[in-house]
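So the mapping is simple: my numbering equals the position in the sequence shown, first residue as 1, plus 253.
These notes concern the structure reproduced below.
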Amino acid sequence: MWAVNDGHSLDLTLTLLYYSTPTIRASLHPKLYGERTMTWTQVYDPFGHWWLSTLVAALPIIVLFGLLA
């Protein structure tokens with residue numbers, strides 16, 4: 254459901270009916286159960302060196318081009 258707040262922004266509210274634990278309900282609808290925020294972190298350099306991470310990420314593309322040739 255989309256709701257307009259003061260005409261400035263849209264708020265996407267997700268309601269799932271079959272979850273009954275308070276932590277899941279609080280994460281799905283924070284306005285009813287208090288503000289809870291979850292921080293997601295992303296590792297941009299999983300192999301420790303930018304050039305090694307770039308080469309590993311490029312391997313599927315290189316294999317694809319090799320198979321198409």
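C-beta: ideal position from N, C-alpha, C; glycine also.
Inter-residue Cα distance where the pair is Ser-262 and Thr-292: As a first step, residue 262 must be located in the sequence shown, where it is residue number 9. As a first step, residue 292 must be located in the sequence shown, where it is residue number 39. Below a pLDDT of 50, predicted positions are generally treated as unreliable, and Ser-262, at 49, falls in that range; the measurement from the model is reported next regardless. Their Cα atoms are separated by approximately 22 angstroms.
Whole-angstrom distance between Ala-310 and Leu-317, CA atom to CA atom: Against the sequence shown, residue 317 aligns to sequence position 64. Against the sequence shown, residue 310 aligns to sequence position 57. The alpha-carbon atoms of Leu-317 and Ala-310 are separated by roughly 13 angstroms.
Val-309, enclosing alpha helix (DSSP H) - first and last residue: Locating residue 309 in the sequence shown gives position 56, where the first residue counts as 1. That run of the alpha helix (DSSP H) goes 303–321.
Distance CB(Pro-299)-CB(Ser-306) smaller than 7 angstroms: Translated into positions along the sequence shown, residue 299 becomes position 46. Translated into positions along the sequence shown, residue 306 becomes position 53. Yes, these two residues count as a Cβ contact at 7 angstroms.
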